[in-house]
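J.:
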C-alpha cells in the first residue's frame, strides 16, 4: 500500500498558495491564518461537526486542523462575530496584529479562508 506523502504535501502547499493569493499575503502568513482559523473553528464546534469538516479537507490540511486538538475539551460557544474574531486572533498569538490587523480586515480574511 502506497501512502503518497508527496501528493499530500503538494495538495497542502496548493491550498496555502491559493490562500496566499486570495488574501495577498506571504505563504507563511497564509499558513498561520489558516491554522488560527481552523483551530478557532474546531474548538467551537461539536465532535460530529468536526468530523464533517475533516472529511472535506485534504490530508495535509487535516493535519493542521487536528494539531494540538483535545476533542474532549468542553465546547465554548461563540455568541457573536466579535467573539470569533477574538478567538482567531488569540489562536494566532504574537503574530496576530501582523496577520489580521483591525476587525474589518480580520473579517475579510476570515471570509477569504472560507472561500478558499
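Numbering (our numbering), first residue to last: 1 to 116.
Note that CB positions come from ideal geometry on N, CA and C, so glycine has one too.
If we count the other Cβ atoms within 10 Å of its Cβ and call it buried at 16 or more, is residue 48 buried or exposed?
T.: Counting Cβ neighbours within 10 Å, residue 48 comes out exposed, since fewer than 16 surround it.
J.: Assuming contact is defined by CB atoms lying nearer than 9 angstroms, are residue 23 and residue 101 in contact in what I supplied?
T.: Taking 9 angstroms as the Cβ cut-off, residue 23 and residue 101 do not qualify as a contacting pair.
J.: At 4 residues or longer, and completely inside the segment 27-52: list those alpha helix (DSSP H) runs for me, N to C.
T.: Whole alpha helix (DSSP H) segments, 4+ residues: 27-42.
J.: Give me the Cα-Cα distance between residue 103 and residue 42, rounded to the nearest whole angstrom.
T.: Computed Cα separation, rounded: 21 angstroms.
J.: Residues in its own chain within less than 8 angstroms of residue 76 by CB, not counting five upstream and five downstream?
T.: Once the five neighbours on either side are set aside, the close Cβ partners of residue 76 are 43, 44.
J.: Return the CA-CA distance between residue 3 and residue 66, expressed in angstroms with no decimal places.
T.: Between residue 3 and residue 66, the C-alpha separation is close to 19 angstroms.
J.: Assign residue 6 to buried or exposed, taking buried as 16 or more other Cβ atoms, counted over all protein chains shown, within 10 Å of its Cβ.
T.: Exposed, by the Cβ-count rule.
J.: Count the other C-beta atoms from every protein chain shown that fall within 10 angstroms of the C-beta of residue 94, then say buried if there are 16 or more, exposed otherwise.
T.: Answer is exposed; the Cβ neighbour count stays below 16.
J.: On a Cα-Cα basis, can you pick out the residue from 11, 68, 39, 107 that is closest to residue 58?
T.: With distances taken between Cα atoms, residue 58 lies closest to 11.
J.: If you run the structure through DSSP and keep just helix, strand and coil, what is residue 24?
T.: Three-state result, residue 24: coil.
J.: Mark residue 32 as exposed unless 16 or more other C-beta atoms lie within 10 angstroms of its C-beta, in which case mark it buried.
T.: When all chains shown are included, residue 32 counts as buried.
J.: If you reduce the DSSP assignment to three classes, tell me which class residue 85 lands in.
T.: Here residue 85 sits in helix by DSSP.
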